[in-house]
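Below is one structure, written out as structure tokens; the observations come after it.
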Amino acid sequence: MVNNLLLASSMAAFAEGLVLGQALGISQERLLEFLMGTSLVAPYLAGKRQKIERGDYAAEFPLRRAMAAHKRISRPSTRS
0 MVNNLLLASS
10 MAAFAEGLVL
20 GQALGISQER
30 LLEFLMGTSL
40 VAPYLAGKRQ
50 KIERGDYAAE
60 FPLRRAMAAH
70 KRISRPSTRS
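Numbering that gives the first Met the number 0 applies: residue 0 is where the sequence shown begins, and numbers increase by one.
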């Protein structure tokens, strides 16, 4: 679950960077070409490039399970 949080956070930050770059007038193709060649981008994102280019942002893990886990750990603790 910790791993999923880190992956999701990384993907969200990357997406925000793409949106900012495009708002500044840089094409998505050029952004991807540049960013994928830097150490700033997590290696797993290179495997997502084709999906990003197609606009396919579907989750690749069961969100229902992630939400259930979130609810379990978000409950206030009754322990002292």
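By construction, the Cβ of each residue, glycine as well, lies at the ideal position given by its N, Cα and C atoms.
First through last residue of the alpha helix (DSSP H) which encompasses residue i
{"i": "S9", "result": "1–22"}
{"i": "F33", "result": "27–34"}
{"i": "K50", "result": "48–53"}
Beta-carbon proximity of residue i to residue j, cut-off 9 Å
{"i": "L6", "j": "Y56", "result": "no"}
{"i": "L31", "j": "I51", "result": "yes"}
{"i": "L34", "j": "G46", "result": "no"}
CA-to-CA distance, residue j to residue i, given in whole angstroms
{"i": "V40", "j": "L4", "result": "16 Å"}
{"i": "G36", "j": "R71", "result": "39 Å"}
{"i": "I25", "j": "V18", "result": "10 Å"}
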